[in-house]
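K.L.:
One line per chain: the protein sequences are S and Y, in this order. Heads up: take any position in the first sequence, counting from 1, add 1197, and you land on my numbering. Heads up: take any position in the second sequence, counting from 1, add 1197, and you land on my numbering.
2 protein chains.
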Amino acid sequence: MGVGGATMDERVPRDFETLRATILERRENLPKRIAQIAAYALDNPDDIAFGTAASIAASAGVQPSTLIRFAQQLGFDGFTSLQQVFRERLRERNSTYDERLLALRAKAEGGAGHRAIFDGFIAAASTSLNDISRTLDEAHLEQAVSLLAKAETIYVLAKRRSYPVASYIAYALGKLNIRNQLVESAAGLNAEMISFATPADAVIAISFSPYAPATIDEARAIRDQGVPIVAITDSSFSPLAQFARVWFEVAEADFAGFRSLSATMALAMALTVGVGEKRRDGGRRRKA
Amino acid sequence: MGVGGATMDERVPRDFETLRATILERRENLPKRIAQIAAYALDNPDDIAFGTAASIAASAGVQPSTLIRFAQQLGFDGFTSLQQVFRERLRERNSTYDERLLALRAKAEGGAGHRAIFDGFIAAASTSLNDISRTLDEAHLEQAVSLLAKAETIYVLAKRRSYPVASYIAYALGKLNIRNQLVESAAGLNAEMISFATPADAVIAISFSPYAPATIDEARAIRDQGVPIVAITDSSFSPLAQFARVWFEVAEADFAGFRSLSATMALAMALTVGVGEKRRDGGRRRKA
DNA sequence: TAGTGATTGGAATTATTATTTCATATTGCC
DNA sequence: GGCAATATGAAATAATAATTCCAATCACTA
């Protein structure tokens, strides 16, 4: 009689995923407080892994004894063995993003062959994405999108290393039916092209050190015409930062002397699609 | 007298990295057993995070008291506070790559505003890099590099969405002093440009569904002239795959209707730099 | 080589923490 | 609405673990 501890038919979850599934499955028919601690456990697995029965119970708003009953209901013989599962989860979970990158980078530097080169570029791209994801200034993003969304024509300005980004922006803007002009140096007509821009237009300018002189000159000229500039560049000392109404600092990692473009690309696409969305929304309702 | 616990001038490391640095710095002048546990701690940080003083001491082959002395030497007031640092490390360490991506993607889909768009592109780029890193065929990479390294001139063929990659390849090849020709559709002279290619040259062709007809036509034409093609495309059904001597399948994730280019870019750069290296090496010694 | 100070091992002690117990409250059922 | 079964709270207890203490050992200096 009682809880029938003698023969324990039910399988005790040994790994976190099984445990999680078990909890979710029984969620409906659990008593209130037990359900409360169950929800807390799934929401704060780290706390379960490291806390003491008392501290966890307090955080979850239940009594320590409830926590133990919860563990027992799941088939564990106490809180301690339940906690093991949560600890295993942390042990077994893959290495951090940074560690993975370090490994990749080490492989790229240490290893030989073309796979190593490839890994190097993957690592550079990942690092860049990681960095920009942490450092991007949301306010600037909003400002830039607003500014560009109001423009009659968006001029896109970038040479050399940054040119691929410009061409993708132009492609995407075209797809979104947003009037744009890629300032290309094909026939030396850039100056004329630029001279058509007015303060009702806007510019996306991209340049990284060493700044292509043409980009700088054109950016200055267009700024002097009163056309607002959104710049993507790599430092506050960049001449582009001086000319720009809004500017983004993007630190691209490099490998074998070539900078990744992945972060710049992601930002460029976010700007482009952001403008597209803003224009659509703006047509219907102009709400923040 | 004593350990001078009254005024504690020395800073107690609060985060793992500082702690690690401190240990490494003092490593030389630590007593034998303390050094032993120090080494163990850096080698098995997870054990320190989860174990008890007794279990850790046993694993490291020292007495529990030594473990505590070690903690105290570092400025902690006992093993427990030292352990906190090791636990924090696990808590703060980023979730797995996949979990992080899921979170990012969820944010991008659920969240509103332009930050969400940005996150979406970051997630797409990360996913693509991850995928290609897993699936890239090394043998194909070697083949492709060999093939391209032997070419007199490398023709680069890509339109529309893929054009940015082509332009970056052309830029990089130029920087590496590798003769190349970007087949641009500026003045409609592509056919003529292509007609100059010989079997001693090679082509990098890039196209994703829906395949730009111009790219396909040009690839067919150039293949018919006996020029070997290295293709980057998205499926074995791609017409490019038919024409190519070597081809890579690259699955780019997309967001808001725009495909990431990050994986393609990384592969393109690996090919480019790989060719650069092979040419340099090949000049001196032709070894695998 | 003897002596001094630092280091170490091991057990005793203290603190912390998990678990149990029991009284009380709540829920579901007739 | 009353009764039984179940669930909950709070404190007592048992277990476990950290810390301290002291004797023994080791390394260094005179």
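Glycine residues also receive a C-beta, built at the ideal position from the N, C-alpha and C atoms.
Are any of the Cβ atoms in chain S nearer than 7 Å to that of E1389 of chain Y?
P.N.:
Taking Cβ atoms only, chain S never reaches closer than 7 Å to E1389 of chain Y, which makes this a no.
K.L.:
Could you have a look at E1381 of chain S and say whether DSSP puts it in helix, strand or coil?
P.N.:
E1381 of chain S falls in the coil class under three-state DSSP.
K.L.:
Against chain S, does R1211 of chain Y count as a neighbour if the rule is that its beta carbon must be under 7 Å from one of theirs?
P.N.:
Taking Cβ atoms only, chain S never reaches closer than 7 Å to R1211 of chain Y, which makes this a no.
K.L.:
Quick one: is N1377 of chain S buried, meaning 16 or more other Cβ sit within 10 Å of its Cβ, or exposed?
P.N.:
So N1377 of chain S counts as buried.
K.L.:
What in chain S is Cβ-close to P1410 of chain Y, meaning under 9 Å?
P.N.:
Neighbours of P1410 of chain Y on chain S: none; closest Cβ ~16 Å, over 9 Å.
K.L.:
Leaving aside the five residues before and after I1234 of chain Y along the sequence, list all residues of the same chain whose C-beta is less than 7 Å from its C-beta, in chain order.
P.N.:
Excluding residues within five positions, the ones whose Cβ falls inside 7 Å are A1257, V1259, T1263, L1264 and F1267.
K.L.:
Quick check: what's the CA-CA separation for A1397 of chain Y versus E1415 of chain Y?
P.N.:
In a straight line, the C-alpha of A1397 of chain Y is about 17 Å away from that of E1415 of chain Y.
K.L.:
Are any of the Cβ atoms in chain Y nearer than 7 Å to that of L1216 of chain S?
P.N.:
Answer no: the Cβ-Cβ gap between L1216 of chain S and chain Y never drops below 7 Å.
K.L.:
Span of the alpha helix (DSSP H) holding Y1408 of chain S?
P.N.:
No alpha helix (DSSP H) holds Y1408 of chain S; DSSP gives it neither H nor E.
K.L.:
Could you tell me whether the stretch 1308–1323 of chain S touches the stretch 1340–1350 of chain S, where touching means 3 or more Cβ pairs closer than 8 Å?
P.N.:
Touching, no, given that fewer than three Cβ pairs across the two stretches are closer than 8 Å.
K.L.:
In chain order, what residues of the stretch 1317–1335 of chain S put their CB closer than 7 Å to some CB of chain Y?
P.N.:
Answer in chain order: F1318, I1319, A1322, S1323, L1326, S1330, L1333 and E1335.
K.L.:
What are the partner residues of I1403 of chain S, as DSSP defines its beta bridges?
P.N.:
Paired residue(s): S:I1429.
K.L.:
What does a CB cutoff of less than 6 Å around A1448 of chain Y pick up in its chain, not counting 5 residues either side in sequence?
P.N.:
These residues qualify, in order along the chain: D1328.
K.L.:
When you compare the stretch 1457–1472 of chain S with the stretch 1364–1378 of chain S, are there three or more beta-carbon pairs, one atom per stretch, that lie closer than 8 Å?
P.N.:
Yes, they touch.
K.L.:
For R1420 of chain S, tell me which candidate among S:F1276, S:E1474 and S:I1391 has the shortest Cα-Cα distance.
P.N.:
Ranking the options by Cα distance to R1420 of chain S, first place goes to S:I1391.
K.L.:
Between the Cα of H1337 of chain Y and the Cα atoms of Y:S1435, Y:R1358 and Y:V1443, which residue gives the shortest distance?
P.N.:
Cα-wise, what sits closest to H1337 of chain Y is Y:V1443.
K.L.:
Can you say whether A1409 of chain Y is buried or exposed, counting buried as having 16 or more other CB atoms within 10 angstroms of its CB?
P.N.:
Buried, by the Cβ-count rule.
K.L.:
Ends of the alpha helix (DSSP H) at L1437 of chain S?
P.N.:
Counting along the chain, the alpha helix (DSSP H) containing L1437 of chain S begins and ends at P1436 to F1440.
K.L.:
What are the start and end residues of the alpha helix (DSSP H) that includes V1342 of chain Y?
P.N.:
Residues E1335 to A1346.
K.L.:
With distances taken Cα to Cα, identify the nearest neighbour of I1375 of chain Y among Y:V1472, Y:Y1360, Y:D1212 and Y:G1310.
P.N.:
Ranking the options by Cα distance to I1375 of chain Y, first place goes to Y:V1472.
K.L.:
Whose Cβ in chain Y lies nearer than 9 Å to the Cβ of Y1352 of chain S?
P.N.:
Simply none; closest approach about 18 Å.
K.L.:
Could you name each continuous alpha helix (DSSP H) segment of 4 residues or more that falls completely within the stretch 1239–1283 of chain Y, going from the start of the chain to the end?
P.N.:
Complete alpha helix (DSSP H) runs here, min 4: 1242–1247, 1250–1257 and 1261–1270.
K.L.:
Which of the three DSSP states, helix, strand or coil, is assigned to E1449 of chain Y?
P.N.:
E1449 of chain Y: coil per DSSP, three-state reduction.
K.L.:
For Q1270 of chain S and S1252 of chain Y, I'd like the C-alpha separation in whole angstroms.
P.N.:
Straight-line Cα distance between these residues: approximately 29 Å.
K.L.:
Less than 7 Å between C-beta atoms, sequence neighbours within five positions excluded: which residues of the same chain meet that for V1342 of chain S?
P.N.:
Answer for V1342 of chain S: L1468, G1471, V1472 and K1475, listed in chain order.
K.L.:
Let me know the secondary structure DSSP gives L1216 of chain Y once reduced to three states.
P.N.:
Three-state result, L1216 of chain Y: helix.
K.L.:
May I have the straight-line CA-CA distance separating V1209 of chain S from E1306 of chain S, to the nearest angstrom?
P.N.:
If I take the Cα positions, the gap works out to 46 Å.
K.L.:
Against R1284 of chain Y, what residues of chain S qualify as contacts under a CB-to-CB distance less than 8 Å, listed in chain order?
P.N.:
In chain order: F1247.
K.L.:
Let's see if you can read the secondary structure: which residues bound the beta strand (DSSP E) around L1354 of chain Y?
P.N.:
I1351 to L1354 is the extent of the beta strand (DSSP E) around L1354 of chain Y.
K.L.:
R1456 of chain Y bridges to which residues according to DSSP?
P.N.:
Paired residue(s): Y:D1451.
K.L.:
D1160 of chain S: buried (16+ other C-beta within 10 angstroms of its C-beta) or exposed?
P.N.:
Shown here, chain S extends from 1198 to 1485; a query on residue 1160 of chain S therefore has no answer.
K.L.:
Is A1363 of chain Y close to the ligand NAD? I mean its beta-carbon at under 6 Å from any heavy atom of the ligand.
P.N.:
Looking for the ligand NAD in the displayed structure turns up nothing, as the structure carries no ligands at all.
K.L.:
For R1476 of chain Y, would you say it is in contact with chain S, using Cβ-to-Cβ distances shorter than 7 Å as the test?
P.N.:
Taking Cβ atoms only, chain S never reaches closer than 7 Å to R1476 of chain Y, which makes this a no.
K.L.:
If we count the other Cβ atoms within 10 Å of its Cβ and call it buried at 16 or more, is E1433 of chain Y buried or exposed?
P.N.:
Looking at the sequence shown, residue 1433 of chain Y is not Glu but Ser. It counts as exposed.
K.L.:
Buried or exposed: which applies to S1406 of chain S, given that a residue is buried once 16 or more other Cβ atoms fall within 10 Å of its Cβ?
P.N.:
Its Cβ having fewer than 16 others within 10 Å, S1406 of chain S is exposed.
K.L.:
Which residues in chain S have a C-beta closer than 8 Å to the C-beta of A1369 of chain Y? List them in chain order.
P.N.:
Within 8 Å Cβ-Cβ: F1455.
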